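Residue numbers (full-length UniProt numbering), protein chains in the order written: chain D, 1 to 136; chain H, 1 to 486.
Here you go:
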């Protein structure tokens, strides 16, 4: 699982790959973290959460939105993301966790929101690929 | 006829600085770009024109979708975009407002001159950086409980006045006197309120900043006098928005539109243009929530200004009232407002979406504060931290050309990733200080690199086009002295 920050005139884009849906979700989240901070600290406790949505793309959007929310209300930079994705009859669910690094331990910048702009989430021969633009 | 092609998009030159993408296919209107040839060349290099053309697909879009001279690629609707949609049969689009609802700038004047400040720059920039919350997790000037948040959302700067953070004069010099009557706090989610409670009175990060400036050039003496501006004067410019509360409000409504108005969304070429049909329940709820977030942003900038007054009082050892630290004006960059405009000889109520664009009403519009009724609305155009900023006044042609709008800044030219490859924050800071006597302090070197002067377009050219088109007339130019960034 890996990510790359891509060029965007005004904002930041993340391209990510993963062998499973969960892995690609977590890789995009790692890219989100990288967009906010160049050097991570090893501090912080893990926290868990789950998100449900009506489609895979909506789930990715809501998962990343939840991470931004958790960041603001917990006062930590979420990092070292883990995620598993499953489907029920009528919805998609991600069970996720992240290590919340206290803001005092890092030089971090704001990312305002996840966007649907140019969003891609596709299955490839080697797993899954995603592209997400974040509003900074 | 002069034409220019960028990919599959052909623009026809209508007249000096006005370029048109003709209506075709699924477009509901033509699109227009207001730019010199040099600016158009830059605008054509990314996806701005494609996004502008997409914006013409919004139902009820009136006259043209318009790109300002500082336009650049955003997400969905271009930054520097203006789109007026019919408030009865059209739509309102959270995507055409953007995530940072009422991101904007305000300027405070003083009676200090540059001579008064010389020698105190380092002390002042340190004191401002220490006192004004900025960056990720920097907190706010106040922390709000549920009741306080709802009061701020409902009443905007009236809350700040009652809480002792504002004066009557501040309200008189703010758009809508700092309070939107249409605000409906009950339509702002708990999630958004949770994000806002620790951020009331904070800059945030990215391109948000506070800058102490000096007036260097006066172009229209009479208007400058009406604005209380003169050469060599010290002024303060504050740029921030509605923080996490506004970002979450936009996110919430984009997702609700996806679920409740999927049919309309399917007609649009980009999901980030998500729009609710005018007069639908969701349109009413979004408008109420957006107006509440507008109030939050006004309070946010007011509290930052209040803290700035306190810092100046400490550094100059004088009461801020003695330094005549008055609000000149506060303008929004990301907003949709119901406004009445004359279209084909008929007055129509429209949702005027301005995303990275500033309202620029000329003299005579009833919305103007009494102080500016005879000269036109002040328009504040920040440049980069190494270039000048401008104060304009709403131009006579703005109502005909742009629904009363002009540019909002210099406009980005380079991605943040590229900026960090080309610039080193500490070097940028040193050069600004040694070569231009500009004192910059930021949470991180990366932020300085991402906002280096070289990543922005030429603000002089943007303002020249605005002035020549008569949509925003230049009044004075300012130059940075101290800058703090989140």
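Glycine residues also receive a C-beta, built at the ideal position from the N, C-alpha and C atoms.
Note that the structure is predicted; figures quoted are calculated from it, not measured.
In the structure shown, the three-state DSSP call for residue 36(D) is helix. In terms of beta-carbon proximity, residue 291(H) stays away from the interface with chain D, with every pair separated by 8 Å or more. The beta carbon of residue 135(D) sits closer than 6 Å to those of 11, 112, 113, 115, all from its chain and outside the five residues before and after it, given in chain order. Counting C-beta pairs with one atom in each stretch, the segment 220-240 of chain H and the segment 370-378 of chain H have three or more that are closer than 8 Å, which means they touch. In chain H, no part has a C-beta under 7 Å from the C-beta of residue 28(D); the shortest such distance is about 16 Å. Residue burial is scored here from C-beta neighbours: residue 281(H) has fewer than 16 other C-beta atoms within 10 angstroms and is therefore classed as exposed.
With the rule of 3 Cβ pairs closer than 8 Å, the segment 29-38 of chain H counts as touching the segment 58-65 of chain H. Taking the Cα of residue 89(D) as reference, the smallest distance to any Cα among 65(D), 52(D), 71(D) is reached at 52(D). Contact of residue 416(H) with chain D is assigned, a C-beta pair being separated by under 8 Å. With a threshold of 8 Å between beta carbons, residue 16(D) makes no contact with chain H.
When the beta-carbon positions are compared, residue 404(H) and residue 394(H) come within less than 8 Å of each other. Using a Cβ-Cβ distance cut-off of 8 Å, the segment 339-352 of chain H and the segment 149-163 of chain H are not in contact, since fewer than three pairs of beta carbons, one from each stretch, lie closer than that value. Taking a beta-carbon distance threshold of 8 Å, residue 423(H) does not count as an interface residue toward chain D. Counting only runs that start and end inside the UniProt domain "Archease" (3-136) of chain D, the alpha helix (DSSP H) elements of at least 4 residues fall at 21-36, 56-74. Contact annotation: residue 385(H) and residue 147(H) have beta-carbon atoms that are not nearer than 8 Å. Sixteen is the threshold: when 16 or more other Cβ atoms of the shown chains lie within 10 Å of the Cβ of residue 106(H), as they do, the residue is buried. Between residue 127(H) and residue 331(H) a beta carbon distance of about 27 Å is seen, past the 8 Å cut, so the two are scored as non-contacting.
For residue 97(H), the secondary structure class from DSSP, reduced to helix, strand or coil, is coil.
With fewer than 16 other CB atoms across the displayed protein chains lying within 10 angstroms of its CB, residue 162(H) is exposed. Below the 8 Å Cβ cutoff, chain H contributes no neighbours of residue 46(D), its closest Cβ being approximately 19 Å away. For residue 213(H), the enclosing beta strand (DSSP E) has its first and last residue at 209-218. The contact set of residue 51(D) on chain H, defined by CB atoms closer than 8 Å, is empty, because the minimum CB distance reaches about 12 Å. The CB of residue 103(D) comes closer than 9 Å to the CB of 135, 136, 137, 138 in chain H, given here in chain order. Using a 10 angstroms sphere on the CB of residue 486(H), the tally of other CB atoms reaches 16 or more, which defines it as buried. In the DSSP annotation of this structure, the continuous segment of the beta strand (DSSP E) that includes residue 12(H) starts and ends at 9-15. Taking residue 303(H) as the centre and dropping the five residues before and after it, the same chain places the C-beta of 141, 165, 201 closer than 6 Å to its C-beta, in chain order. Excluding the 5 residues flanking it on each side, residue 97(D) has same chain C-beta neighbours closer than 6 Å at 46, 48, 82, in chain order. Around residue 19(D), the same chain offers 1, 126, 127, 128 as residues with beta carbons nearer than 8 Å, after the five sequence neighbours per side are excluded.
The three-state secondary structure of residue 420(H), taken from DSSP, is helix.
In this structure, residue 293(H) lies away from residue 172(H), with their beta-carbon atoms at least 8 Å apart. Approximately 14 Å separates the beta-carbon atoms of residue 399(H) and residue 379(H); this is outside 8 Å, ruling out the contact. A straight line joining the alpha-carbon of residue 16(H) with that of residue 3(H) spans about 12 Å.
Counting C-beta pairs with one atom in each stretch, the segment 270-284 of chain H and the segment 87-94 of chain H have three or more that are closer than 8 Å, which means they touch.
Residue contact with chain D for residue 270(H): present (Cβ-Cβ distance below 8 Å to some residue of chain D). Taking the beta carbon of residue 195(H) as reference, the chain D residues within 7 Å of it are 69, 72, 73, listed in sequence order.
C-alpha of residue 170(H) to C-alpha of residue 235(H): approximately 15 Å in a straight line.
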